[in-house]
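Q: Following this message is one structure expressed as structure tokens.
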Amino acid sequence: MNTAPPSAPATPGDALDVQPTPLALLLLGRDADPRSERGVECPGDLPSPSDPGLIERARAAKERLGEKVFVLGHHYQRDEVIQFADVTGDSFKLARDAAARPEAEYIVFCGVHFMAESADILTSDRQQVVLPDLAAGCSMADMATAEQVAECWDVLTEAGVADATVPVSYMNSSADIKAFTGRHGGTICTSSNAGRALDWAFGQGEKVLFLPDQHLGRNTAVRDMGMSLEDCVVYNPHKPNGGLTPEELRAAKMILWRGHCSVHGRFTLDSVRDVRERVPGVNVLVHPECRHEVVAAADYVGSTEYIIKTLEAAPAGSKWAIGTELNLVRRLANRFAPGLRHGEPQEGKEIVFLDRTVCFCSTMNRIDLPHLVWALESLADGKVVNRIQVDPETEKFAKLALERMLALP
Ligand code: SF4
Numbered sequence: 001m002n003t004a005p006p007s008a009p010a011t012p013g014d015a016l017d018v019q020p021t022p023l024a025l026l027l028l029g030r031d032a033d034p035r036s037e038r039g040v041e042c043p044g045d046l047p048s049p050s051d052p053g054l055i056e057r058a059r060a061a062k063e064r065l066g067e068k069v070f071v072l073g074h075h076y077q078r079d080e081v082i083q084f085a086d087v088t089g090d091s092f093k094l095a096r097d098a099a100a101r102p103e104a105e106y107i108v109f110c111g112v113h114f115m116a117e118s119a120d121i122l123t124s125d126r127q128q129v130v131l132p133d134l135a136a137g138c139s140m141a142d143m144a145t146a147e148q149v150a151e152c153w154d155v156l157t158e159a160g161v162a163d164a165t166v167p168v169s170y171m172n173s174s175a176d177i178k179a180f181t182g183r184h185g186g187t188i189c190t191s192s193n194a195g196r197a198l199d200w201a202f203g204q205g206e207k208v209l210f211l212p213d214q215h216l217g218r219n220t221a222v223r224d225m226g227m228s229l230e231d232c233v234v235y236n237p238h239k240p241n242g243g244l245t246p247e248e249l250r251a252a253k254m255i256l257w258r259g260h261c262s263v264h265g266r267f268t269l270d271s272v273r274d275v276r277e278r279v280p281g282v283n284v285l286v287h288p289e290c291r292h293e294v295v296a297a298a299d300y301v302g303s304t305e306y307i308i309k310t311l312e313a314a315p316a317g318s319k320w321a322i323g324t325e326l327n328l329v330r331r332l333a334n335r336f337a338p339g340l341r342h343g344e345p346q347e348g349k350e351i352v353f354l355d356r357t358v359c360f361c362s363t364m365n366r367i368d369l370p371h372l373v374w375a376l377e378s379l380a381d382g383k384v385v386n387r388i389q390v391d392p393e394t395e396k397f398a399k400l401a402l403e404r405m406l407a408l409p
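At position 219 of the sequence shown (counting the first as 1) the number is 219 in the UniProt record's numbering, and the numbers step up by one without a gap.
Structure below.
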């Protein structure tokens, strides 16, 4: 996926309607339901965000822990947190990095809940995964619950298409959804290998149930697999039978779950038109979680790793508008800004955010320095807090789906 198609077909009109989540997200991650990722009490006192000694405290706690701790930082994390990461990357890379460090007893995952679950699934039993704030969930992952997906499978069974359908679930899903995928012969995918995952799935069956991001599913089907928008239907878990008739389900090739990323879903065709006017000669580079018309109007499309590599390889003096999370875009803009490198003046690359409005991932941003300090100091004192542990049965089937992804050609 790296060049724009010539025209911008319309995205189905209802693609971005926001559905209510069963529970409201809590602001401070305290006093909530410990069975969900929507907030939980942090025992003890969090240091104040204005504490001038926080950086020193984080450093000291990390030093006390030494090799026992491995801190993972997702690309969308704040700078104040990323500075303490031993490694940065997207969710799958980070989970694999953690598995490759068996000497690290504690994995502190600066990311969101489903990422910490994947790390727990892929690491050994003696490694404990900690999420500094349990309220750091993912709104997209929350849009597909185990009950809703089981109900959807019943609807597909009723319509007589379940046997011909292979589930493909995006990495950005809960362990329960990954386990459902494993149980029903499906695979996990990332935004880098979604095309290969669909290719594989269509070799196993006639249809794909793509969970939970409709945009990644649609963009991959249309751009990589050459399908038409009419080959895709959207299953809405808030409507009886997903809002689809048995005939529609039988005719569809791609059954897209009605979920989306609240960050990437904010970019519109107007954002693309506007930036092309503001910055003549700009290259528009977006993530495939963006809406179909945005992806179709962009010059380049790819995962966060692809975005970083493309900018690294871009010639000096080139101009870029990036459609992904703002913490990452800001870091890249600073990294490639004109200035001195090794004492030599460097022309730099102009990197701007695709939209005029601020677009952070609010749940990622829940991991801040006070929570990181609290987690590290607790571990250094021998107390494991906010451990993320997937139950063995869920882990078994989720791992099966992840292994199918690892075996993709
Ligand atoms: S950026 Fe989107 S998909 Fe990623 S964690 Fe935030 S809400 Fe979830």
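We put the CB at the ideal spot given by N, CA and C, even for glycine.
Based on DSSP bridge pairs, tell me the residues matched to valine 69.
A: Beta-bridge pairing links valine 69 to Tyr106.
Q: What's the gap between the Cα of serine 118 and the Cα of phenylalanine 92?
A: One C-alpha to the other measures close to 8 Å.
Q: List, from N- to C-terminal side, the alpha helix (DSSP H) runs of 4 residues or more that fit wholly inside the segment 83 to 136.
A: Taking only runs of at least 4 residues, the alpha helix (DSSP H) segments lying wholly in the segment 83 to 136 are 91 to 99, 113 to 122.
Q: What does a CB cutoff of less than 8 Å around proline 22 pick up in its chain, not counting 5 residues either side in sequence?
A: Annotation note: pLDDT 41 at proline 22 (below 50); position unreliable, no value reported.
Q: Quick one: grab the DSSP three-state call for glutamate 347.
A: Glutamate 347: coil per DSSP, three-state reduction.
Q: Please enumerate, following chain order, all residues with a beta carbon closer than 7 Å to at least one heavy atom belonging to ligand 1.
A: Spelled out in chain order, the answer is Tyr76, Val112, Cys138, Ser139, Met140, Ala141, Asn172, Cys261, Ser262, Val263, His264, Glu289, Glu325, Cys361, Thr363, Met364.
Q: Of all the options Ile55, Glu289, Glu151, which has the alpha carbon lying nearest to the alpha carbon of glutamine 214?
A: With distances taken between Cα atoms, glutamine 214 lies closest to Glu289.
Q: Output the distance between the C-alpha atoms of serine 124 and glycine 317, rounded to the nearest integer angstrom.
A: Cα to Cα, serine 124 sits roughly 46 Å from glycine 317.
Q: If I follow the unbroken beta strand (DSSP E) through alanine 321, where does it start and stop?
A: Run containing alanine 321: 319 to 323, per the beta strand (DSSP E) assignment.
Q: In chain order, what residues of the same chain lie with their CB nearer than 7 Å to the CB of aspartate 391, ignoring the 5 residues before and after it?
A: Within the same chain, aspartate 391 has no close Cβ partners at all.
Q: Let me know if histidine 264 comes out buried or exposed under the rule of 16 or more other beta-carbons within 10 Å of its beta-carbon.
A: Per the 10 Å Cβ criterion, buried.
Q: Any idea which residues DSSP pairs serine 169 with across the strands?
A: Per DSSP, Ile188, Leu211.
Q: Return the CA-CA distance between isoleucine 322 and leucine 134, expressed in angstroms with no decimal places.
A: In a straight line, the C-alpha of isoleucine 322 is about 29 Å away from that of leucine 134.
Q: Check whether the segment 137 to 157 touches the segment 370 to 382, taking contact to mean three or more Cβ pairs, one atom from each stretch, closer than 8 Å.
A: The segment 137 to 157, when compared against the segment 370 to 382, does not touch it at the 8 Å Cβ threshold.
Q: Whole angstroms are fine: how far does the CA of tyrosine 306 sit from the CA of glycine 185?
A: One C-alpha to the other measures close to 29 Å.
Q: Where do the N-terminal and C-terminal ends of the beta strand (DSSP E) with arginine 341 fall, by residue?
A: From DSSP, the beta strand (DSSP E) with arginine 341 extends over 339 to 341.
Q: State the CB to CB distance for the pair leucine 249 and methionine 225, rounded to an integer number of angstroms; the pair is presumed to be in contact (CB under 8 Å).
A: Between methionine 225 and leucine 249 the Cβ distance is about 19 Å, and since that is not below 8 Å, they are no contact.
Q: Alpha carbon to alpha carbon, how far is phenylalanine 202 from glutamate 80?
A: Distance between the alpha carbons of phenylalanine 202 and glutamate 80 is about 44 Å.
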